[in-house]
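Undergrad: In my numbering, the protein residues as written are 3 to 309.
Glycine included, every Cβ here is placed at the ideal spot set by N, Cα and C.
Here the structure is a predicted model, which means the values were calculated and not measured.
(1) Among residues of its own chain, excluding the 5 on either side of residue 255, which ones have a beta-carbon nearer than 6 Å to its beta-carbon?
(2) Hey, how far is the Cα of residue 31 from the Cα of residue 273?
(3) Tell me the DSSP secondary structure of residue 105 in three-state form.
(4) Looking at residue 200: is its Cβ nearer than 7 Å to the Cβ of residue 193?
(5) DSSP three-state label for residue 177, please.
(6) Under the assumption that residue 122 contacts residue 161 (Cβ atoms under 8 Å), give the Cβ distance between them as a whole number of angstroms.
(7) For residue 53 and residue 232, what's the separation of their Cα atoms in angstroms?
(8) Can you name the residues that DSSP bridges to residue 172?
(9) Roughly how far, in whole angstroms, is the beta-carbon of residue 249 from the beta-carbon of residue 180, given that I think they are within contact range, below 8 Å?
(10) Roughly how many angstroms lie between the CA atoms of residue 173 and residue 228, to the nearest whole one?
(11) Could you check where the alpha helix (DSSP H) with residue 53 kicks off and where it finishes?
(12) Residue range of the beta strand (DSSP E) that residue 242 falls in?
(13) Report the residue from 209, 208, 219, 212 whose alpha carbon sits nearest the alpha carbon of residue 196.
(14) Taking only the alpha-carbon atoms, compute the straight-line gap between residue 12 and residue 28 and give it to the nearest angstrom.
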């Protein structure tokens, strides 16, 4: 069985681009002319909002899919539109998979016991049925909150072993207040170091052919020193790196998250690509998103000395 982490690495190598496009899409991010073309009578229902968001995602994927290895779909932006939004969420995942992209669902799930098993079945494994089993979501990775300890992680590890999927556990997040908890000391270690070591331990039995585990870590680009430190500390842990673009990080800030070969991480950007048309008013949103993806790719490559 091939782990999805290996497929992600292969896609990054093929595109020469460790970029993950975040589809954190909401109606306010759509250009007015485009929104009017989808909903000429206005957006006055959850159904119309979800319809417009899904079509925007599809058009955006068509514009950039050949340039990127992966997308991250943040479920909160779909939950806010109710049942119709969740239909758009699942269809967005399908559309990305149909374009041969690695799909990370940003759900930050966790609990213990049977509830953790249900979360894992929803996004990484299968749901048992009276006759057989079926997948609820076609995602390859899910983000998880590790702060319930091993009890909340074991079900995910079981599904990783069975299905080759993966997780990214929160270790050092990109938000400004992350240090309130994550930088606290436990003996001689910070909380994020303790969690990082646990992530490494949890992933020891799912290391793929390229030396990286299916149990990855979320490490924010907005904390470059910690990213460099964690890269050295966790040599077999693949990083999902948020914080690029709208949150302020640039290629130079995140180069420490990569290994000596310029691998070991995928960098997420959401608003800077979804709303690139605001930065490039002379282009339509598809051209603008494509230009932003190329600029991001080149910025990261320059930081890694690959240009």
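TA: In short, the structure shows the following:
(1) 223, 226
(2) 8 Å
(3) strand
(4) no
(5) coil
(6) 5 Å
(7) 41 Å
(8) 220
(9) About 12 Å; that fails the 8 Å criterion.
(10) 10 Å
(11) 48 to 66
(12) 241 to 243
(13) 219
(14) 31 Å
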